[in-house]
Ligand SMILES: [Zn+2]
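Numbering (our numbering), first residue to last: 31 to 97.
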């Protein structure tokens with residue numbers, strides 16, 4: 031049995047399609063990603079990016095009256 035040949039056919043061994051602009055994580059064909067202002071983001075970085083993008087809307091609960 032040729033182990034090297036078997037691994038070469040494994041889709042997980044394919045080179046990444048792209049890398050996340052924030053964490054550098056590998057993105058493979060078929061993975062979901064977000065292209066925003068020239069950056070490519072993975073799902074785990076989307077939350078941090080959105081928090082920065084919407085920083086002007088950030089509030090601390092209890093420091094102002096509830097809506
Ligand atoms: Zn990322």
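We put the CB at the ideal spot given by N, CA and C, even for glycine.
The criterion of a C-beta distance shorter than 8 angstroms is not satisfied by residue 63 and residue 53. DSSP places residue 76 in the uninterrupted alpha helix (DSSP H) bounded by 73-83.
Of all residues, those with a beta-carbon under 5 angstroms from at least one heavy atom of ligand 1 are 50, 52, 53, 55, 72 and 75, reported in chain order. Non-local beta-carbon contacts of residue 61 in its own chain, meaning distances under 8 angstroms to residues more than five positions away in sequence, involve 47 and 72 in chain order. Its Cα nearest to that of residue 44, the residue 56 stands out among 56, 50 and 51.
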